[in-house]
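J.: Every position in the sequence shown, counted from 1, becomes a number in the numbering used here once 99 is added.
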Amino acid sequence: TTGELDLILYNHKDKLTEHWELAIKFFMGSAPFEPINWVGINSNDNLQRKMTHMQTKQFGSIWVSTEKHGQVKIEKRFGVIKGRFFLPINTKGFDYPTWLSQTFPIHEWCDETDSTNLETIDITALRAAHYIEWFSKRDFYDGRQSPLMKSENGILKTGLYFAGDRPIVIYPKLPN
Numbered sequence: 100t101t102g103e104l105d106l107i108l109y110n111h112k113d114k115l116t117e118h119w120e121l122a123i124k125f126f127m128g129s130a131p132f133e134p135i136n137w138v139g140i141n142s143n144d145n146l147q148r149k150m151t152h153m154q155t156k157q158f159g160s161i162w163v164s165t166e167k168h169g170q171v172k173i174e175k176r177f178g179v180i181k182g183r184f185f186l187p188i189n190t191k192g193f194d195y196p197t198w199l200s201q202t203f204p205i206h207e208w209c210d211e212t213d214s215t216n217l218e219t220i221d222i223t224a225l226r227a228a229h230y231i232e233w234f235s236k237r238d239f240y241d242g243r244q245s246p247l248m249k250s251e252n253g254i255l256k257t258g259l260y261f262a263g264d265r266p267i268v269i270y271p272k273l274p275n
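1. Can you give the beta carbon distance from alanine 262 to isoleucine 220, rounded, assuming they're within the 8 Å contact cut?
2. Between the region 111-128 and the region 168-177, do three or more beta carbon pairs fall short of 8 Å?
3. Just to confirm the assignment: which complete beta strand (DSSP E) runs, minimum length 3, are found wholly within the region 131-176?
4. Compute the Euclidean distance between the alpha carbons of proline 271 and aspartate 238, then round it to the nearest angstrom.
5. Flag lysine 181 as yes if its beta-carbon sits less than 9 Å from any beta-carbon of chain C, otherwise no.
6. For valine 138 versus methionine 127, is the C-beta spacing smaller than 9 Å?
7. Is it buried or exposed for glutamate 103, if we count other Cβ within 10 angstroms and need 16 for buried?
8. Leaving aside the five residues before and after glutamate 207 along the sequence, list all residues of the same chain whose C-beta is less than 7 Å from its C-beta, in chain order.
9. Using DSSP's beta-bridge definition, name the partner residues of leucine 186.
10. If you run the structure through DSSP and keep just helix, strand and coil, what is threonine 101?
11. Excluding five sequence neighbours on each side, which residues of the same chain lie with their C-beta closer than 7 Å to the C-beta of aspartate 264?
12. Taking the DSSP output, what are the residues bridged to tryptophan 119?
13. Considering only residues of the same chain and omitting the five flanking positions on each side of threonine 100, which have a CB-CB separation below 7 Å?
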């Protein structure tokens, strides 16, 4: 890692120096499911902002300084965003956008004040996720049921939960 750069690699097969920008992100989508409508856990973050930042800031340099090889010219760039994408719970007829692989798993999120959709979730089957499980579920925790996190008014607090193997984010919907 060099400053803002994640990986500078030499591709021996193609004989090119490559810059790989890797981002692990979690986005909750809302219709019409354009990149700007996928909001991060930090409400100031969205997929459009992240893609623009990767293209204009992280990929802005043609030459980079490296500790072992001095100045290196970047000849090819790759931006990879990995993580989890969540649709509003009970979304019907979702068409994958062209920028999202059809094999990419999509999960669900629910507004913490949406009592109609919250009632469709079997709360007794939920368990609060551990921090590491934002990346991938750990079966190890299934037998170690954490108490559900509830706010003063009795609704589930913002966070990631599992109903069996199904991840669900409870999150406050932001005003438009």
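We put the CB at the ideal spot given by N, CA and C, even for glycine. Quick caveat, the model's predicted, so the values are computed rather than measured.
T.: Considering the structure as presented:
1. The Cβ separation is near 7 Å, so the contact holds.
2. Segments in contact, yes.
3. Qualifying beta strand (DSSP E) stretches, in chain order: 137-139, 162-165, 169-172.
4. Spanning the two alpha carbons is a distance of roughly 27 Å.
5. Annotation note: the requested chain C is absent from the structure, which comprises a single protein chain.
6. Yes, the Cβ-Cβ distance between valine 138 and methionine 127 is below 9 Å.
7. Residue confidence is low: glutamate 103 scores 49 on pLDDT, short of 50, so the model does not pin down where it sits. No coordinate-derived value is stated.
8. Listed in chain order, the non-local C-beta contacts of glutamate 207 below 7 Å within the same chain comprise Phe185, Leu186, Ile188, Ile267, local neighbours out to five positions each way being set aside.
9. Leucine 186 has Glu207 as its beta-bridge partners, per DSSP.
10. Because threonine 101 sits at a pLDDT of 42, beneath the cut-off of 50, its placement in the model cannot be relied upon, and the following sentence gives the value as read from the coordinates. DSSP places threonine 101 in strand when its eight states are reduced to three.
11. Once the five neighbours on either side are set aside, the close Cβ partners of aspartate 264 are Lys236.
12. Partner(s): Leu106, Phe177.
13. With a pLDDT of only 37 at threonine 100, under 50, the local geometry of the prediction cannot be trusted, and no value is derived from it.
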